[in-house]
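Q: Questions regarding the structure given below will be posed in turn.
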Amino acid sequence: MEYDLFNPPPSLPDDTTADAPTQQEPPADTDDAQRIERLRAELHRHNHNYYALNAPEISDSEFDAMMQELIDLETAHPELYDPNSPTQRVGSDLGSGGFPAVMHERPMLSLGNTYNREDVRAFYERVRDGLGGQPFSICCELKFDGLSISLIYEHKRLVRAVTRGDGKQGDDVTANVRTIRTLPLALPAGVAAPEHFEVRGEVLLPWERFETLNRMREAREEQPFANPRNAASGTLKNKDPRVVAERGLDAYLYYVLADRTPSDSHYQNLLAARMWGFQVSEATRLTHSLEEIYAYIDYWDTERRKLPVATDGVVLKVDSLRQQEQLGMTAKNPRWAIAYKFQAERARTRLESVTFQVGRTGAVTPVANMQPVALAGTTVKRASLHNADIIEQLDLYEGDYVFVEKAGEIIPQIVGVDYEARPLLTGRKVEFATTCPECGTPLVRYEGEAAHYCPNTTACPPQLRGRVEHFISRDAMDIDSLGPETVDDYFGRGLIRDAADLYRIRVEDICGEDGTRLKSAQKIVAAIEASKQKPFDRVLYALGIRFVGRVAAQQVATALRTLDNVRHASVEQLQAIDGIGAKIAQSIADFFADKRAADLVDRLVKAGVQTALPEIEALGTQLEGKTVVISGTFSHHSRDEYKELITRHGGKNTGSISKNTSFVLAGDNMGPAKLEKARSLGVTLMSEGEFLRLIGETED
Ligand code: IVH
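For the sequence shown, the residue numbers in my numbering are 13 to 712.
See below:
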């Protein structure tokens, strides 16, 4: 049972409301009250960083420690109960990707975490006492470090895959989950599985895939994922199932739910699931004593490094479903299961200095330079310090002894300072740079953002170089005979200052004086020339407008067709395009309003890059003057195909329903918010079949 607004915990007296403590209650200690407020705010922020932004700032154990402190304080002060406290819900990633929200058939809960053997013993004893002397077994499993997923099967076929979301409802990501090759889309004919069942498990990106993906991202100057979990999460929320398929997600299943499962034993049910074709970890073991559990933990603490996927602990579950039911739940977690988290590998070393790096976007990253130290199989001498807030929290001095951990065992980060070992004669206090280390411009910090930026976009060298590198990158103009080093070299020799200069390079500028490197010079000039044929949506992406990724560029180009239209579009017009939010719309408008950016664009146009998508051949006029919103999922064409069909029949496709909408092309699973909006404005819903008949394409 999870408590929430509609279902408060029993400790709340019936005749009081949450914000009006009664006379009988002792007044809350103001220090505690303040601490609770602070912890709630902090935990909300960290939940958001973790689930919605995929950018955690603190380690799991720090998060758990804060959460535990809050739980303890709230237990001591029931009068300060708040239904919206982070203790009352599991963190949510709901709605971050525009997938339809679906209610879970059974709530998806999370497990209590422990970090030491004493807690494992305490769990074991609680179970033993709770079962009043009955014999019991514990199923030991690996704790996979990905995202949990709920899969619904009906008549032996996968019908739905939903993320955890807030535990009550999650995002329907069925199309993306179908790309996971190790998941059975249909069970083998002969097996006896329930008519309707649910399996839960973890979606992961295997290490090897993760590393390849990050190498590609780095080559394209994109921010690499911090760990496989974030990569898996980003992938599962990708809007294009083709991209998802390419990335190669995997899934391990660890929980079978049905009105009638094959067995009362969880372990046996997992074996059955394996027979049905699901990937169930070979590491799953049934144990009968605390010693066996400890041995399992010790074994996997080291052996897990040989596994193809990331794990961060062990999960212990009471095996009998009947006994699980008997033990029940606490406010948030089942009493019959617990997660033991492996200690992240940690090292202690000395901080020598902090330097600041300027990236392509002008974002300034603090980097800690440390005395080299061995950590989880590599020598570490640099670590990320993320941003100014983290530096401030750590209260760092040069010469300090610091603790370094590998987050997700990839990027080392400083997690703490050994304050007691601070030398008497400390070095300088580490302060965030106030000016750009590359060009000296005072740094700025945008509201609501953790990062500092160098605003000198037009003259700061790494930003200039970075923008040209972005311009030539694969998804942009794809000038593959030019690499980042060559671009650096051209900058150094004063040949170029921006992307438009590329088009003025002549063979004689870049081949050796004596004609050496003639071949490669000719190749480069030819590749630059050929890039003029790259379609307009790539040109738009190549400009490197802040927040405008490949997909957004495609969407804007498809909707507005020409550079002139994009240039003169208002923020409102941009925002009306499907998939373009306020932030992107504003950024595009700001870009074209900047005189220097406009000048670059003019020179690119003069050089001859594409400034419009090719005219599309009209198929009909049935939709002339009509504004159509697409919502839901379809069986005859993809959404993109419907967008094109609307345009090619003279209509206009927009993203949100308004009084100007002529009708909604409504597929299956249309979101409740859109449905409500259409109803309230009296906008007609047209089915896929009706639409196809309208444009003269009959449904077969
Ligand atoms: S069982 C009620 N088993 O860890 C029990 N979870 O907070 C539900 N996880 O959200 C979970 N490996 O994403 C279970 N072998 C395993 C697991 C596992 C990883 C994740 C899962 C869950 C979180 C627990």
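Where is the CB? At the ideal position from N, CA and C, for every residue including glycine.
To the nearest whole angstrom, what separates the beta carbons of A619 and Y553, a pair I think is in contact under 8 Å?
A: By one-based count along the sequence shown, residue 619 stands at place 607. By one-based count along the sequence shown, residue 553 stands at place 541. Going by Cβ atoms, the distance from A619 to Y553 rounds to 17 Å, so no, they are not a contact pair.
Q: Just to confirm the assignment, what range does the alpha helix (DSSP H) spanning Q291 have?
A: Against the sequence shown, residue 291 aligns to sequence position 279. No alpha helix (DSSP H) contains Q291, which DSSP labels as neither H nor E.
Q: Closest by CA to G428, which one among E653, S396, M698?
A: Counting from one through the sequence shown, the residue named residue 428 turns up at place 416. It is S396 whose Cα lies nearest to the Cα of G428.
Q: Quick one: residues in its chain with C-beta nearer than 6 Å to the C-beta of Q566, no 5 flanking neighbours on either side, listed in chain order?
A: Along the sequence shown, one-based indexing puts residue 566 at 554. Around Q566: D549.
Q: Can you look up L298 in the DSSP assignment and give me helix, strand or coil?
A: Taking the sequence shown and counting its residues from 1, one reaches residue 298 at position 286. In the structure shown, L298 sits in a strand (DSSP, three-state: E or B).
Q: Using a Cβ-Cβ cutoff of less than 6 Å, which residues in the same chain neighbour L195 once the five nearest sequence positions on both sides are dropped?
A: Counting from 1 along the sequence shown, the entry for residue 195 is found at position 183. A263, listed in sequence order.
Q: Specify, as a first and last residue, the run of the alpha helix (DSSP H) that T58 falls within.
A: In the sequence shown, the residue the question calls residue 58 occupies position 46. As written in the sequence, residue 58 is His, which differs from the Thr given in the question. H58 -> alpha helix (DSSP H) spans 42 to 59.
Q: Is the beta carbon of C151 less than 8 Å from the beta carbon of L319?
A: Here residue 151 refers to the residue found at position 139 when the sequence shown is read from its first residue. Here residue 319 refers to the residue found at position 307 when the sequence shown is read from its first residue. No, the Cβ-Cβ distance between C151 and L319 is not below 8 Å.
Q: Do the segment 614 to 629 and the segment 582 to 602 touch if we need at least three Cβ pairs shorter than 8 Å?
A: no
Q: Closer than 8 Å is the cut-off here; do at least three beta carbon pairs connect the segment 203 to 217 with the segment 237 to 252?
A: Three or more Cβ pairs drawn from the segment 203 to 217 and the segment 237 to 252 lie within less than 8 Å of each other, which places the two stretches in contact.
Q: Got a sec? Which residues, its chain only, sit under 7 Å from A356 by beta carbon, not counting five neighbours each side?
A: By one-based count along the sequence shown, residue 356 stands at place 344. Within the same chain, S71, E417, K418 come within 7 Å of A356 by CB-CB distance, once the 5 residues on both sides are set aside.
Q: Classify I658 as helix, strand or coil using the three-state DSSP reduction.
A: Along the sequence shown, one-based indexing puts residue 658 at 646. Here I658 sits in helix by DSSP.
Q: Given V256, which residues of its chain have a CB within under 6 Å of its CB, disregarding the five upstream and five downstream residues?
A: In the sequence shown, residue 256 corresponds to position 244, counting from 1. Cβ neighbours of V256 beyond the five flanking positions: N188, T191, T247, N250.
Q: Report buried or exposed for M120, applying the criterion of at least 16 other Cβ atoms within 10 angstroms of its Cβ.
A: Residue 120 sits at position 108 when you count from the first residue of the sequence shown. Result: buried.
Q: In the DSSP assignment, the beta strand (DSSP E) including E86 goes from what residue to what residue?
A: The residue you call residue 86 lines up with position 74 of the sequence shown. It is not in any beta strand (DSSP E) - E86 instead sits in the alpha helix (DSSP H) that spans 72 to 88.
Q: Tell me whether P346, by its Cβ, gets closer than 7 Å to a heavy atom of the ligand IVH.
A: Along the sequence shown, read from residue 1 onward, the residue named residue 346 stands at position 334. P346 Cβ: within cutoff of the ligand IVH.
Q: How is the alpha helix (DSSP H) around N381 delimited, first residue to last?
A: Working through the sequence shown from its first residue, we reach residue 381 at position 369. Unbroken run through N381 is the beta strand (DSSP E), 375 to 387; no alpha helix (DSSP H).
Q: Just confirm the distance between the C-beta atoms of L302 and Y127, as a whole number of angstroms; I'd bet it's less than 8 Å.
A: Taking the first residue of the sequence shown as position 1, residue 302 is located at position 290. Taking the first residue of the sequence shown as position 1, residue 127 is located at position 115. Rounded, the Cβ-Cβ distance is 17 Å, inconsistent with contact.
Q: Counting along the chain, where does the beta strand (DSSP E) carrying S160 start and finish?
A: As a working note, residue 160 is residue 148 in the sequence shown. Note, S160: beta strand (DSSP E), 159 to 166.
Q: Under DSSP, the beta strand (DSSP E) around L339 begins and ends at which residues?
A: As a working mapping, residue 339 is identified with position 327 in the sequence shown. That residue, L339, is in no beta strand (DSSP E); its alpha helix (DSSP H) goes 333 to 339.
Q: Got a sec: does the ligand IVH put a non-hydrogen atom nearer than 7 Å to the Cβ of E461?
A: The count along the sequence shown starts at 1 and reaches residue 461 at position 449. Checking the Cβ of E461 against the ligand IVH gives no.
Q: Suppose the cutoff is 8 Å on Cβ atoms and the five residues either side in sequence are ignored; what does the same chain contact list for R118 look like?
A: For this step, residue 118 is matched to residue 106 along the sequence shown. Result list for R118: E210, L269, in chain order.
Q: F156: beta carbon under 7 Å from a heavy atom of the ligand IVH?
A: Here residue 156 corresponds to residue number 144 of the sequence shown, with the count starting at 1. For the ligand IVH, at least one heavy atom lies less than 7 Å from the Cβ of F156.
Q: What whole-angstrom Cβ distance do S97 and E81 have, given they're in contact under 8 Å?
A: Translated into positions along the sequence shown, residue 97 becomes position 85. Translated into positions along the sequence shown, residue 81 becomes position 69. At roughly 13 Å, the Cβ-Cβ gap does not stay under 8 Å, so S97 and E81 are not in contact.
Q: For L363, write down the residues that DSSP places opposite it in a beta bridge.
A: Here the question's residue 363 lines up with position 351 in the sequence shown. When beta bridges are read from the DSSP output, L363 appears opposite M382.
Q: Secondary structure at P467, three-state DSSP: helix, strand or coil?
A: Position 455 of the sequence shown holds residue 467. Of the three classes helix, strand and coil, the one that applies to P467 here is coil, per DSSP.
Q: Please classify S692 as buried or exposed, where buried requires at least 16 other C-beta atoms within 10 Å of its C-beta.
A: The sequence position of residue 692 within the sequence shown is 680, counting from 1. With fewer than 16 other Cβ atoms within 10 Å, it is exposed.
Q: Buried or exposed: A351, going by 16 or more other Cβ atoms within 10 Å of its Cβ?
A: For the purposes of this step, residue 351 is taken as residue 339 along the sequence shown, with counting starting at 1. Buried, since its Cβ has 16 or more Cβ neighbours within 10 Å.
Q: Within 7 Å: the Cβ of V327 and any heavy atom of the ligand IVH?
A: Within the sequence shown, the letter at position 315 stands for residue 327. Yes - the ligand IVH has a heavy atom lying nearer than 7 Å to the Cβ of V327.
Q: Evaluate S647 with the Cβ neighbour count: other Cβ atoms within 10 Å of its Cβ, from every protein chain shown; 16 or more gives buried, anything less gives exposed.
A: Residue mapping note: residue 647 aligns to position 635 of the sequence shown, counting from 1. Counting Cβ neighbours within 10 Å, S647 comes out exposed, since fewer than 16 surround it.
Q: Taking 7 Å as the cut-off, is the C-beta of Y409 nearer than that to any heavy atom in the ligand IVH?
A: Within the sequence shown, the letter at position 397 stands for residue 409. It does not: the Cβ of Y409 is nowhere closer than 7 Å to a heavy atom of the ligand IVH.
Q: So does L706 have its beta carbon nearer than 7 Å to some heavy atom of the ligand FAD?
A: Judged by which ligands are present, the ligand FAD is missing from the structure shown, whose ligands are the ligand IVH.
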